[in-house]
Amino acid sequence: MTYVVTENCIACKYTDCVEVCPVDCFYEGENMLVIHPDECIDCGVCEPECPADAIRPDTEPDMDRWVDFNRKYSLKWPVIITKKDPLPEAEDRDGEDGKMDKYFSEAPGEGG
Ligand code: SF4
Ligand code: F3S
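Here it is as structure tokens:
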């Protein structure tokens, strides 16, 4: 089992999650984070920390594609262990439909 970051992180990227992860398994894209599914130890402490409710356990329905997505980008993006300011549009974008199609960027973030 693992936890994964899902669509509502896109264009928000609050980063509260990275501060509590005991194994530093969050990776940063330009406008969202992902979790490395093989590094996550399933402790669950990050899930309630996300203001956007974007972190889900893979035991919920239809999570397979998010596990694949998180694995794919965790291998491409830099690790992030330090909380940063949310993206400027975070409050406006929180909960918006269709964020993947509208805003997702494959570009890496800065990490750190
Ligand atoms: Fe890190 Fe635990 Fe969240 Fe997995 S469930 S990403 S180990 S804080
Ligand atoms: Fe994203 Fe939530 Fe972390 S919005 S950066 S998963 S705190």
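Heads up, the sequence shown is in this note's numbering, so the first residue is 7 and it goes up one at a time.
All C-beta atoms, glycine included, are put in the ideal place defined by N, C-alpha and C.
Just so we're clear, the structure is a prediction, and the values are computed from it rather than from any experiment.
Taking a cut-off of 8 angstroms on C-beta distances, the stretch 106–118 does not touch the stretch 57–68, as fewer than three cross pairs fall below it. The continuous stretches of alpha helix (DSSP H) do not include Tyr20, and DSSP gives it neither H nor E. A direct Cα-Cα distance of roughly 13 angstroms separates Thr21 from Thr12.
Nearest in C-alpha terms to Pro63, of all of Glu95, Pro94 and His42, is His42. Approximately 5 angstroms separates the beta-carbon atoms of Glu53 and Ile61; this is inside 8 angstroms, confirming the contact. For the options Arg71, Asn14, Glu95 and Ser80, the alpha carbon positioned closest to that of Gly35 is the one of Ser80.
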